[in-house]
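Colleague: In terms of the working numbering, the sequence shown opens at residue 15 and continues consecutively. Ideal Cβ positions, reconstructed from N, Cα and C, are used throughout, including at glycine.
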Amino acid sequence: MILNARSFLTAGHTFTQRQEAAFFASIRLRNGTFKTTDHHRLDDLNLLVIGEWQKLDRKPREIMDVGVSSGISSLEWADALARAGIDAKIVATDLCMHASLVPLLPAYEVLLDRDGKVIQHILGNRPVRWSLDGPRDFFRGTGFLVAALNAFASTLLLLTNGRRRGKDVLLVNPDARDNARLSFAEDDILAPNPEHLRGRFNAIRVANLLNRGYFDEAQLRRAVDNLKDRLMGAGSFLIVNRTHADGNNNGTIFQLSEANKFEIVARMRDGSEIEDIVLSPDADGAQLRAASQNRSLSTPSRPR
Ligand SMILES: C[S@@+](CC[C@H](N)C(=O)[O-])C[C@H]1O[C@@H](n2cnc3c(N)ncnc32)[C@H](O)[C@@H]1O
Numbered sequence: 015m016i017l018n019a020r021s022f023l024t025a026g027h028t029f030t031q032r033q034e035a036a037f038f039a040s041i042r043l044r045n046g047t048f049k050t051t052d053h054h055r056l057d058d059l060n061l062l063v064i065g066e067w068q069k070l071d072r073k074p075r076e077i078m079d080v081g082v083s084s085g086i087s088s089l090e091w092a093d094a095l096a097r098a099g100i101d102a103k104i105v106a107t108d109l110c111m112h113a114s115l116v117p118l119l120p121a122y123e124v125l126l127d128r129d130g131k132v133i134q135h136i137l138g139n140r141p142v143r144w145s146l147d148g149p150r151d152f153f154r155g156t157g158f159l160v161a162a163l164n165a166f167a168s169t170l171l172l173l174t175n176g177r178r179r180g181k182d183v184l185l186v187n188p189d190a191r192d193n194a195r196l197s198f199a200e201d202d203i204l205a206p207n208p209e210h211l212r213g214r215f216n217a218i219r220v221a222n223l224l225n226r227g228y229f230d231e232a233q234l235r236r237a238v239d240n241l242k243d244r245l246m247g248a249g250s251f252l253i254v255n256r257t258h259a260d261g262n263n264n265g266t267i268f269q270l271s272e273a274n275k276f277e278i279v280a281r282m283r284d285g286s287e288i289e290d291i292v293l294s295p296d297a298d299g300a301q302l303r304a305a306s307q308n309r310s311l312s313t314p315s316r317p318r
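1) Just reading off the alpha helix (DSSP H) that Pro188 is part of, what are its end residues?
2) Going by beta carbon distance, what residues of the same chain come within less than 8 Å of Pro317, once the five residues before and after it are set aside?
3) Is Ile203 near ligand 1, with its Cβ less than 7 Å from a heavy atom?
4) Is it the case that the Cβ atoms of Leu234 and Ile291 are separated by a distance below 8 Å?
5) Closer than 7 Å by C-beta to Arg20: which residues in its own chain qualify, once you throw out the five before and the five after it? Chain order, please.
6) In the DSSP assignment, the beta strand (DSSP E) including Ala259 goes from what residue to what residue?
7) What do you reckon, are the CB atoms on Asn216 and Arg97 nearer than 8 Å?
8) Looking at the unbroken alpha helix (DSSP H) that takes in Leu172, where does it start and where does it end?
9) To the nearest angstrom, report how far apart Asp52 and Gln33 are at their CA atoms.
10) With DSSP as the reference, label Val292 as helix, strand or coil.
11) Determine the contact status of Leu95 and Ala102, defining contact as a CB-CB distance below 8 Å.
12) Which partner residues of Glu76 appear in the DSSP bridge assignment?
13) Given this structure, state the Cα-to-Cα distance separating Tyr228 from Thr28, to the nearest angstrom.
14) Since Glu123 is in the beta strand (DSSP E), which residue starts that stretch and which ends it?
15) Which whole-angstrom value describes the C-beta separation of Asn263 and Leu56, a residue pair presumed to lie in contact below a C-beta threshold of 8 Å?
16) Taking only runs of the alpha helix (DSSP H) that begin and end inside the stretch 46-70, which ones reach a length of at least 4 residues, in chain order?
17) Would you please state the rounded distance, in angstroms, between the beta carbons of Ala190 and Leu196? I believe it to be under 8 Å.
18) Quick one, are the C-beta atoms of Arg44 and Ile133 less than 8 Å apart?
19) Please return the same chain residues whose Cβ sits closer than 8 Å to the Cβ of Gly180, not counting the five positions on each side in sequence.
20) Got a sec, what are the start and stop residues for the alpha helix (DSSP H) Glu90 sits in?
Here it is as structure tokens:
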């Protein structure tokens, strides 16, 4: 069975890890990012981080995991930390955690984000994406179906005020949702930091989000500035990782120095692709950020 937003809402704990992964990979947000994630995706990164913290004799207790999708990696991280004797609370955040399932016609529903935009069509039981995949999509014919559904859904939502009739869908793995060490919040890492998140965490991880394929340089700098501002200061950690198409993790563990600059503690394989941004003094960052403030997000290269 292919999971769609309705079956994810109603299936409880009955779906397999593979079905869950396929469901999250099928959801693309309106900023171009995908909700792709999977069980055990970050296991080796967890081991590296815990090993480094043990070497440094550090036990971070207030942790944030940014852009967590289903939250399954946050749960696995919390479990790995607990096994290593690190009793941490993790705030797991994502731009889109709540969505709304709206019936439009018999056997036709749409999943909407918080702005009321379609992020999945459901025809019968079949999930259909909203995003078009370039001209190739039209050669294959799928592009016409997707474009027609997008136009049809917008019109029906407008005419029927459909947004009002939605059922809330929490896009979080049920085990993660019920775990006492985790709390979940919606959060945009590119927006100004909410006051309650500033200076609060002694470790923050961001995996498979701050990619050059998703964001431009100014946006990446803005996100890194926001993450730095959420840390408690000297001695706090930032972990940035990307899982490549072969499943290998490439990441870097940074630590804030007394001079409030990031330094590298350890690398996983090639390290983070945005190391230069995290390490560079923010010379022209302000200018770049101002230039991109009103620009919409760039088109991503591929789901990761
Ligand atoms: C590819 S998934 C990564 C999930 C998980 N961290 C992992 O590595 O498996 C990227 C996640 O970032 C979220 N996201 C996209 N834009 C974001 C933003 N501006 N702020 C916070 N989260 C965002 C998406 O909703 C998505 O769930």
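Modeller: Quick answer:
1) One-based indexing of the sequence shown puts residue 188 at position 174. Looking at the DSSP string, the run of the alpha helix (DSSP H) that includes Pro188 is Pro188 to Arg191.
2) In the sequence shown, counting from the first residue as 1, residue 317 sits at position 303. Model confidence at Pro317 stands at a pLDDT of 44, short of 50, so the residue's coordinates are unreliable and nothing is read from them.
3) As a position in the sequence shown, residue 203 is number 189, starting the count at 1. Yes.
4) As a first step, residue 234 is located in the sequence shown; it is residue number 220 there, counting from the start. As a first step, residue 291 is located in the sequence shown; it is residue number 277 there, counting from the start. Taking a C-beta distance under 8 Å as the contact criterion, Leu234 and Ile291 qualify as a contact pair.
5) The residue given as residue 20 occupies position 6 in the sequence shown. If we look at Arg20 and ignore the five residues flanking it on each side, its Cβ neighbours are Leu115, Glu123 and Ile136.
6) Here residue 259 refers to the residue found at position 245 of the sequence shown. Element bounds for Ala259: n/a, residue is neither H nor E.
7) Here residue 216 refers to the residue found at position 202 when the sequence shown is read from its first residue. Here residue 97 refers to the residue found at position 83 when the sequence shown is read from its first residue. No Cβ-Cβ contact shorter than 8 Å links Asn216 with Arg97.
8) Within the sequence shown, residue 172 is the residue found at index 158, counting from 1. Counting along the chain, the alpha helix (DSSP H) containing Leu172 begins and ends at Thr156 to Thr174.
9) Taking the sequence shown and counting its residues from 1, one reaches residue 52 at position 38. Taking the sequence shown and counting its residues from 1, one reaches residue 33 at position 19. So the alpha carbons of these two residues sit roughly 10 Å apart.
10) Along the sequence shown, one-based indexing puts residue 292 at 278. Residue state, collapsed to three classes: helix.
11) In the sequence shown, counting from the first residue as 1, residue 95 sits at position 81. In the sequence shown, counting from the first residue as 1, residue 102 sits at position 88. Yes.
12) Position 62 of the sequence shown holds residue 76. DSSP output for Glu76 lists Lys103 as bridge partner(s).
13) Here the question's residue 228 lines up with position 214 in the sequence shown. Here the question's residue 28 lines up with position 14 in the sequence shown. When rounded, the distance between both Cα atoms is 33 Å.
14) Numbered from its first residue, the sequence shown carries residue 123 at position 109. Where Glu123 is concerned, the enclosing beta strand (DSSP E) stretches over Tyr122 to Leu126.
15) The residue given as residue 263 occupies position 249 in the sequence shown. The residue given as residue 56 occupies position 42 in the sequence shown. Right, their Cβ atoms sit about 6 Å apart.
16) Along the length of the stretch 46-70, whole alpha helix (DSSP H) runs at least 4 residues long occupy 57-69, reported in chain order.
17) Walking along the sequence shown from the start, residue 190 turns up at place 176. Walking along the sequence shown from the start, residue 196 turns up at place 182. 6 Å between Cβ atoms; contact.
18) For the purposes of this step, residue 44 is taken as residue 30 along the sequence shown, with counting starting at 1. For the purposes of this step, residue 133 is taken as residue 119 along the sequence shown, with counting starting at 1. Yes, Cβ-Cβ distance for Arg44 and Ile133 is below 8 Å.
19) Taking the first residue of the sequence shown as position 1, residue 180 is located at position 166. Cβ neighbours of Gly180 beyond the five flanking positions: Ser114, Leu115, Val116 and Leu126.
20) Counted from its first residue, the sequence shown places residue 90 at position 76. Ile86 to Arg97 is the extent of the alpha helix (DSSP H) around Glu90.
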